[in-house]
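Novice: One structure coming up, written as structure tokens, with questions to follow.
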Amino acid sequence: MRPFILAETNWKYIKDASIELAILPWGATEAHNYHLPYGTDIIEADFIAAESARLAWEKGAKIIVLPTMPFGVNTGQTDIKLDINLNPSTQFAILTDIIEVLNRQGIFKLLILNSHGGNDFKSILRELGLRFPNMFLSVCNWFQSLDKLLYFDEDGDHADEMETSLILLFKPGWVLPLTEAGEGSEKKMKIKAFREKWIWSERKWSQISADTGVGNPRTATKEKGEKYFKAVTEKIGGVLVELAQCDIKDLYE
Ligand SMILES: [Zn+2]
């Protein structure tokens, strides 16, 4: 039983615990090429949150990891079987309720640990920050915390070498042999401005990828996943300590 994981701990511990920072891991339930489980983003969120929190806890950070939210925004994948979409307005409603609890109980810091590219919490947190002025609300996309190319041969953004390496580490029995994986090749927009990323539009997923993957998974290994996992959790663990200890009335220098 880890006292910093809410789903594992108990009222006997929690009733007197002093908690500075709540961490809400947020995943998605969606196809990940042919070879990875639908729960890939949830599994990554669970493992990365728990290990980062363990490192921070050992340094004295007063934190609690809430259960991982299993569904994310999949508005661009409506025709992919059993990709379960949660609309941004639903995320807004869920976050309002969770933040209301934290705010009422004097836990004034929340970090969303986001595991899914389609989840975009910035606008939601701007609006909820207005509604809950005593709260310090933040979001971390762990998959953007490191330069992936220092750990992996190829870039990608869905069911790629990085995600495949992580699931080979966390749940090796849930990964099909990589010979069964699709290539994960992505069709790019014809209009150059989108490829240069200074204009954005949601990608229609079934039109940009034949196998639902974006990024070649074939060179993934458990060893690469292990090295990346260690680096990413050390980096996030460090920021959890800083967030737990910071004075939210004195954030700027
Ligand atoms: Zn994913």
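FYI, the working numbering numbers position 205 of the sequence shown as 205, with every residue one higher than the one before it. Cβ coordinates follow ideal geometry from the N, Cα and C atoms, glycine included.
(1) Drop a sphere of 10 angstroms on the beta-carbon of Ala193, count the other beta-carbons inside from all chains shown, and report buried for 16 or more, exposed for fewer.
(2) Use the C-beta contact count for Met189: other C-beta atoms within 10 angstroms, 16 or more gives buried, fewer gives exposed.
(3) So Phe136 is in the beta strand (DSSP E); what residue range does that whole segment cover?
(4) Taking its Cβ as the centre, do 16 or more other Cβ atoms sit within 10 Å of Ala45, making it buried, or is it exposed?
(5) Could you name each continuous alpha helix (DSSP H) segment of 4 residues or more that falls completely within the segment 192 to 232, going from the start of the chain to the end?
(6) Please report the Cβ distance between Ser52 and Ile236, rounded to the nearest whole angstrom; I am assuming they are in contact, meaning their Cβ atoms lie under 8 Å.
(7) Going by C-alpha to C-alpha distance, which of Lys230, Glu183, Ser209 sits closest to Arg218?
(8) According to DSSP, is Val175 helix, strand or coil?
(9) Who are the Cβ neighbours of Lys224 in its own chain at under 7 Å, not counting the five residues just before and after it?
(10) Sort Met135, Tyr34, Ile98 by Cα distance to Pro177 and report the nearest one.
(11) Ligand 1 and Glu154: does the residue's C-beta get closer than 6 Å to at least one heavy atom of that ligand?
(12) With three or more beta-carbon pairs closer than 8 Å as the criterion, would you say the segment 137 to 144 touches the segment 191 to 205?
(13) Return the residue from the list Asn134, Thr9, Ala49, Tyr38 that minimises the CA-CA distance to Pro25.
Specialist: According to the data block:
(1) Residue 193 sits at position 193 when you count from the first residue of the sequence shown. Ala193 should be labelled exposed.
(2) Position 189 of the sequence shown, counted from the first residue, corresponds to residue 189. Flag for Met189 reads exposed.
(3) Numbered from 1 along the sequence shown, position 136 holds the residue referred to as residue 136. Start and end: 136 to 141.
(4) By one-based count along the sequence shown, residue 45 stands at place 45. Ala45 is buried by the Cβ-count criterion.
(5) 192 to 195, 205 to 208
(6) Residue mapping note: residue 52 aligns to position 52 of the sequence shown, counting from 1. Residue mapping note: residue 236 aligns to position 236 of the sequence shown, counting from 1. Indeed they touch by this definition, with Cβ atoms about 4 Å apart.
(7) Sequence index remark: in the sequence shown, residue 218 carries index 218 (1-based). Arg218 has its Cα closest to that of Glu183, out of Lys230, Glu183, Ser209.
(8) By 1-based counting over the sequence shown, the position of residue 175 is 175. Three-state result, Val175: coil.
(9) Position 224 of the sequence shown, counted from the first residue, corresponds to residue 224. Closer than 7 Å at Cβ, skipping near neighbours: Tyr151, Phe152, Ser165.
(10) Taking the first residue of the sequence shown as 1, we reach residue 177 at position 177. When only C-alpha atoms are compared, the closest one is Tyr34.
(11) In the sequence shown, counting from the first residue as 1, residue 154 sits at position 154. The answer is no for Glu154.
(12) no
(13) Translated into positions along the sequence shown, residue 25 becomes position 25. The shortest C-alpha separation from Pro25 is found at Ala49.
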